[in-house]
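Report on one structure; see the data block that follows.
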Amino acid sequence: MSTDAGRRVLVIDDTQAIHADYKKILEPSATAPVELDTLASALFGAASVPAPSVTSSVALACAQQGEEGVDLCKRALQRGERFGLAFVDMRMPPGWDGLRTIAELWKIDPALEVVLCSAYSDHPYEEIVRELGATDRLLILKKPFDSIEIVQLVKSLGAKWDLEREREAHIQNLSREVAERTRELSERVKELASTNTKLGEAVRATEVASRARDEFLTVVTHELRTPLTAILGYAELIADAHASPEIDEHARILRTNGEHLLTLINDVLDLSRIEAGAMPIEMLPCSPRAIAEDVGALLGPRARAKGLDFAVRAQSGFPECIVTDPTRLRQILINLAGNAIKFTEQGGVELALGFDERAGTIAAAVRDTGIGLSAEQRARLFQPFTQADATTARRFGGTGLGLSITHRLAELLGGTIDVESELGRGSTFRVELPLSRGAPGVAPALPTLSASVPDPSKRPLEGARVLVVDDARDVQKLVRTFLERAGATVEVALDGVAGLAAARAGEANIDLLLLDMMMPGLDGYDVARKLRAEGFRRPIVAMTAHATRGDLPECLEAGCDVSIGKPVDRARLIERCVELLARAAAKRA
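If you're matching positions, the sequence shown starts at 1192 in our numbering and goes up one per residue.
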């Protein structure tokens, strides 16, 4: 017969007759259930479940001494048949008394429900609590007891024991679930920690790669632009000499091809910067109309040399000042207008500016009457290194980078670019940018792209004393020639250490310092910082080929007054020198 643990009852009493009473109450024979029925009816009413059905599953074990009862409890635990309830007599000579027996039972099974049975009052409740502790697992039953009391205790304490076990099982299940969840969370935490570590390593590797890329681009830019400075500059000097028409033509060819190479270098470096997310964007108040007119002044002669018309137009009421990156906007317009001229043989090119106040956009449309594009060509037009077809590349040249760069630049400025074209009937490229108005009158003056070379006979730098520090001898000699033909007296130094020493020793005899920023050993940034820290007050012009870095802020931080890029433009160089010398003279006055 299967018996719930809560219905396994242990009786420990030194009187055999008491054992018989418990058996009579808790293990009635199947042929004589009348007494228990009567008791159950008296307690629960006629409709209650008969006593035999209530008590028939009780398993009873009896012991006469405490030691024997404890042994029965041990063996029951070993069999996995633990008792749920024990009735323990208080006095059981000659062995343990009830208090000692209960204490030993609880050492074996702390969850055992116990009823202490006593006919005497020589152990007050306070003493029992002191001996056994305050607990809800102990009840005191005074002898003689009624049968119905035993039935009630077995039922109620058995049910309590069962509920306690269910609670324990539930707690164990919850504990297992918590442990499992904790283990899973711990594994997740370890996985996340590992992932974070890997991400951190990846970020550091990316940063290292980014720095390496920037350094590589810096070196490549310097190494490419520095010799181009010499190529373009000496071609200009040769042309100035007007030795013969043939030599003039040779100089023109040399300069044209040098400028083409410079454009190619700029395009490749720009694409590298854009792909790396390193293209500097500086949003400033500027005048799109002035930029467009400047582009027209630059490219108009090229168009007219091909017999083409070139016009710049602006919609009535076009904003005089917006906020965007003027350098990138100018680059976009030069690329689009330059392409239009290149691919147009007859007719003309128009650069038209418009705006839509409600849409909050401005637009620059470049229209041409050139060769046009097919639908297939338009679909891949803005991909890098892509031209209409191989025939176009052979006929017109170029790398196919210009439009890809223009597309990326428009996106960097928050705008879009699209094209309308039909093969053989020309094209219209339209760039739309956000209309973010700048304050009227605050558009900065933009350096012109079409500045003419100053007339050497005017000698605008007459009397100026200039120190040029550059480790590239050819560039140093070229810059010296530019300055001397403009009237300046020039000293030179071939590296940062020599330049620093010359500036320190001869500040009183120097009006202006031209400083190459990338030199081995002590570079231009260090030279400028050291001089400014020592109180050097003369203007410093930074010459830099690091177009990938947007050097102007770094040059200014080092103590330079202005920055000019390589290849060095003679007009820009002379203009900057004149401006700085005038400013310095005004301060001294």
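Heads up, the beta-carbon is just placed ideally off N, CA and C, and yes, glycines get one too.
Cβ-heavy atom distance, D1717 to the ligand ADP, below 7 Å: You won't find the ligand ADP in this model; it holds no ligand whatsoever.
One or two residues paired with D1485 in a DSSP bridge: As a working mapping, residue 1485 is identified with position 294 in the sequence shown. D1485 pairs with nothing; no bridge assigned.
A1421 versus F1673: straight-line alpha-carbon distance, rounded: Residue mapping note: residue 1421 aligns to position 230 of the sequence shown, counting from 1. Residue mapping note: residue 1673 aligns to position 482 of the sequence shown, counting from 1. Taking the straight line joining both Cα atoms gives about 12 Å.
CB contact below 8 Å: Y1425 versus chain C: The structure shown contains no chain C; it holds only a single protein chain.
Spatially closest choice to A1555 from E1675, T1597, D1439, T1447, by CA coordinates: By 1-based counting over the sequence shown, the position of residue 1555 is 364. A1555 has its Cα closest to that of T1597, out of E1675, T1597, D1439, T1447.
Distance between E1382 and V1240 (C-alpha atoms, nearest Å): Here residue 1240 refers to the residue found at position 49 of the sequence shown. Here residue 1382 refers to the residue found at position 191 of the sequence shown. For V1240, the predicted structure reports a pLDDT of 39, less than 50, and the residue's modelled location is therefore unreliable. The matter cannot be settled from this model.
8 Å contact criterion, which L1490 and A1528 should meet: CB distance rounded: Taking the first residue of the sequence shown as position 1, residue 1490 is located at position 299. Taking the first residue of the sequence shown as position 1, residue 1528 is located at position 337. About 5 Å separates the two Cβ atoms, so the contact holds.
G1286 vs G1324 beta-carbon contact at 8 Å: If you number the sequence shown from 1, residue 1286 lands on position 95. If you number the sequence shown from 1, residue 1324 lands on position 133. The answer is no: Cβ separation not under 8 Å.
Span separating the alpha-carbon of E1623 from that of V1503: Sequence index remark: in the sequence shown, residue 1623 carries index 432 (1-based). Sequence index remark: in the sequence shown, residue 1503 carries index 312 (1-based). Whole-angstrom Cα-Cα distance: 17 Å.
First through last residue of the beta strand (DSSP E) which encompasses C1477: Here residue 1477 refers to the residue found at position 286 of the sequence shown. First-last of the beta strand (DSSP E) with C1477: 1475-1477.
Proximity to I1532 [Cα-Cα], best of A1400, L1520, D1559, Q1506: Here residue 1532 refers to the residue found at position 341 of the sequence shown. Answer by Cα proximity: D1559.
Distance between beta carbons of A1655 and L1706, contact taken as under 8 Å: What you label residue 1706 is simply residue 515 of the sequence shown in a count that begins at 1. What you label residue 1655 is simply residue 464 of the sequence shown in a count that begins at 1. Incorrect: roughly 16 Å between the Cβ atoms, too far for contact.
Coil, strand or helix - T1447 by DSSP: Here the question's residue 1447 lines up with position 256 in the sequence shown. Three-state DSSP puts T1447 in a helix.
Residue burial classification, H1413 (beta-carbon count within 10 angstroms, cutoff 16): Here residue 1413 refers to the residue found at position 222 of the sequence shown. With 16 or more other Cβ atoms within 10 Å, it is buried.
Per-residue burial, F1407 [other beta carbons within 10 Å of its own, 16 or more giving buried]: As a position in the sequence shown, residue 1407 is number 216, starting the count at 1. The residue in question, F1407, is exposed, as its Cβ has fewer than 16 Cβ neighbours within 10 Å.
Nearest-angstrom beta carbon gap, A1679 and L1652 [assumed within contact, 8 Å]: Sequence index remark: in the sequence shown, residue 1652 carries index 461 (1-based). Sequence index remark: in the sequence shown, residue 1679 carries index 488 (1-based). That pair is a contact at about 4 Å.
Supposed contact pair L1524 and I1465 - C-beta distance, whole angstroms, cut 8 Å: Here residue 1465 refers to the residue found at position 274 of the sequence shown. Here residue 1524 refers to the residue found at position 333 of the sequence shown. In fact, because the Cβ distance is near 17 Å, the residues do not count as touching under 8 Å.
Spatial neighbours of F1501 in its chain, beta-carbon cut-off 6 Å, leaving aside the 5 residues before and after: Within the sequence shown, numbered from 1, the residue matching residue 1501 stands at position 310. Cβ neighbours of F1501 beyond the five flanking positions: G1491, A1494, V1540.
Candidates S1754, N1530, G1750, T1735, of which the one nearest E1725 by Cα: Position 534 of the sequence shown holds residue 1725. When only C-alpha atoms are compared, the closest one is G1750.
Cα-Cα separation between R1671 and T1535, rounded to whole angstroms: To locate residue 1671, count along the sequence shown from 1; it is residue 480. To locate residue 1535, count along the sequence shown from 1; it is residue 344. Those two C-alpha atoms are separated by around 41 Å.
Alpha-carbon spacing of A1393 relative to R1480, whole angstroms: As a first step, residue 1393 is located in the sequence shown; it is residue number 202 there, counting from the start. As a first step, residue 1480 is located in the sequence shown; it is residue number 289 there, counting from the start. Taking the straight line joining both Cα atoms gives about 46 Å.
C-beta contact flag for L1572 and L1542 at 8 Å: Locating residue 1572 in the sequence shown gives position 381, counting from the first residue. Locating residue 1542 in the sequence shown gives position 351, counting from the first residue. Contact: no.
Range of the contiguous alpha helix (DSSP H) that encloses I1319: On the sequence shown, position 128 is the one that residue 1319 refers to. 1316-1323 is the extent of the alpha helix (DSSP H) around I1319.
Minimum C-alpha distance to T1132 - residue among R1372, I1203, L1330: This structure cannot settle anything about residue 1132, because the visible part of the chain is limited to 1192 through 1780.
Supposed close pair H1210, C1264 - CB separation, criterion 8 Å: Working through the sequence shown from its first residue, we reach residue 1210 at position 19. Working through the sequence shown from its first residue, we reach residue 1264 at position 73. With a Cβ gap of about 16 Å, H1210 and C1264 do not count as contacting.
Buried versus exposed call for K1778 [16 or more other C-beta atoms within 10 Å across all chains shown]: Here residue 1778 refers to the residue found at position 587 when the sequence shown is read from its first residue. Under this definition K1778 is an exposed residue.
Cα-Cα separation between P1730 and D1752, rounded to whole angstroms: Residue 1730 sits at position 539 when you count from the first residue of the sequence shown. Residue 1752 sits at position 561 when you count from the first residue of the sequence shown. Approximately 6 Å, taken between the alpha carbons.
Boundaries (first-last residue) of the alpha helix (DSSP H) holding C1746: Taking the first residue of the sequence shown as 1, we reach residue 1746 at position 555. From DSSP, the alpha helix (DSSP H) with C1746 extends over 1743-1749.
Spatial distance of L1365 from L1268 (CA atoms): For the purposes of this step, residue 1365 is taken as residue 174 along the sequence shown, with counting starting at 1. For the purposes of this step, residue 1268 is taken as residue 77 along the sequence shown, with counting starting at 1. So the alpha carbons of these two residues sit roughly 25 Å apart.
Beta-carbon gap between L1626 and I1553 smaller than 8 Å: Indexing the sequence shown from 1 puts residue 1626 at position 435. Indexing the sequence shown from 1 puts residue 1553 at position 362. Yes.
Any beta strand (DSSP E) of 3 or more consecutive residues that is wholly inside the segment 1239-1288: 1250-1254, 1276-1280
Buried versus exposed call for D1280 [16 or more other C-beta atoms within 10 Å across all chains shown]: Residue 1280 sits at position 89 when you count from the first residue of the sequence shown. Buried, by the Cβ-count rule.
Residues near G1177 by beta carbon distance below 8 Å, same chain, minus five either side: Because residue 1177 is not part of the residues shown, which for the chain are 1192 to 1780, the question remains open.
Contacts around F1620, its chain only, beta-carbon distance under 6 Å, and the 5 residues preceding and following it disregarded: Position 429 of the sequence shown, counted from the first residue, corresponds to residue 1620. L1527, V1557, V1610, listed in sequence order.
Among F1509, I1456, H1451, E1745, the one whose alpha carbon lies nearest that of F1546: In the sequence shown, counting from the first residue as 1, residue 1546 sits at position 355. Answer by Cα proximity: F1509.
Reference A1505, options Q1522, L1499, T1518, G1487, closest by Cα: The residue you call residue 1505 lines up with position 314 of the sequence shown. That would be G1487, whose Cα lies nearest to the Cα of A1505.
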